[in-house]
Structure formats: structure tokens, C-alpha cells
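The sequence shown maps to residues 6 to 125 in this note's numbering.
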Amino acid sequence: MILVADDNPDALFMVQSMLDLLGFAAECVENGRIACERAMTQRYRCILMDIEMPEMDGLAAARTIRDAEQAEGGIFTPILGMTGHTDTGTRVLCERAGMSGVLLKPFLISNLEEKLAEIG
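See the structure below:
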């Protein structure tokens with residue numbers, strides 16, 4: 006199961022559709038707070054996280070998830086940030102938040118498949 010967090014319903018639908026085509030089940034949530042709640046109660050193969058969301062953005066959510074994983078013994082779930090920002094600074098922020106990589110929006114199914122293969 007892959008957790009997808011994005012406040013844009015169209016983006017959630019698109020990512021879920023891509024994951025379906027790739028053979029992955031997805032659980033979709035609309036903000037980082039809910040993503041954190043779900044990540045604390047269920048183990049996911051991967052988390053796809055938009056970095057700009059209301060209530061709790063993806064960067065804060067990734068840090069929260071990483072802190073909880075560290076406290077529980079350091080079994081880390083891969084987190085891929087999703088963003089339309091192409092600057093190096095955004096990638097650095099994602100890395101510092103504990104994300105395993107970044108998908109630049111809009112992305113193709115081949116980009117998603119490649120990133121999922123990279124993280125195992």
C-alpha cells in the first residue's frame with residue numbers, strides 16, 4: 006500500500022490512477038496531518054507527499070514521520086516529495102526533511118515508476 010498526500014483532488018486522482026496502472030494500491034489523504042496519523046498506525050511501502058498543503062505541509066509531515074520512526078527504532082518508510090518547484094533549494098529542503106527523493110509535477114507514469122524502482 007502506498008500513501009498519497011495532496012490537497013488537490015485532481016492530483017490525488019491522477020496519482021492514484023497511475024499507481025493503479027502500475028499495480029499498486031493507494032490510500033489518499035488531503036494533508037500532512039492526516040498523512041502523519043496514518044503513517045503512525047500503518048506501515049506503507051512508500052509515501053508520496055505534496056510539499057505544499059494546508060494544516061501541515063509535506064516537509065513538516067516528513068520530519069514528523071522521520072522523528073517517530075527514529076524513536077521506534079529507525080525503520081524508515083521511503084517518502085517522495087511531489088512539487089512543481091524546480092529549484093535546487095526545494096530539493097535541499099526535501100532532503101533535510103528526510104525525504105528519499107522528489108517527483109517534479111506534473112510527472113509522467115514513467116517518472117513515477119522510475120522513482121518507485123529507485124527506492125525499492
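Glycine included, every Cβ here is placed at the ideal spot set by N, Cα and C. Since this is a predicted model, take the numbers as computed values, not measurements.
Beta-carbon proximity check, residue i vs residue j, cutoff 8 Å
i, j, result
"Ala102", "Arg68", "yes"
"Met54", "Ala40", "yes"
"Leu2", "Arg43", "For residue 2 there is no data in the structure shown, the boundaries of the chain being 6 and 125."
"Gly125", "Met104", "no"
"Leu64", "Cys99", "yes"
"Met23", "Ile84", "no"
"Gly89", "Lys110", "yes"
"Met45", "Ala73", "yes"
"Arg50", "Met6", "yes"
For residue i, the three-state DSSP class (helix, strand or coil)
i, result
"Ala3", "Here the chain covers residues 6 to 125 and nothing more, so residue 3 does not appear."
"Ala10", "strand"
"Asp55", "strand"
"Met45", "helix"
"Thr82", "coil"
Same chain, Cβ closer than 6 Å to residue i, five either side skipped, listed in chain order
i, result
"Asp11", "Leu17 and Asp55"
"Asp92", "none"
"Gly78", "none"
"Arg96", "Val107"
"Met58", "Asp12, Asn36 and Gly37"
"Gln47", "none"
Proximity to residue i [Cα-Cα], best of the options
i, options, result
"Glu35", "Asp62, Ser105 and Phe112", "Asp62"
Residue range of the alpha helix (DSSP H) that includes residue i
i, result
"Ala67", "Gly63 to Ala76"
"Ile114", "Ile114 to Ile124"
Delimiting residues of the beta strand (DSSP E) encompassing residue i
i, result
"Glu32", "Ala31 to Val34"
Other residues of its chain near residue i: CB distance less than 8 Å, five sequence neighbours each side excluded
i, result
"Val2", "The requested residue 2 does not occur in the structure, where the chain is confined to residues 6 to 125."
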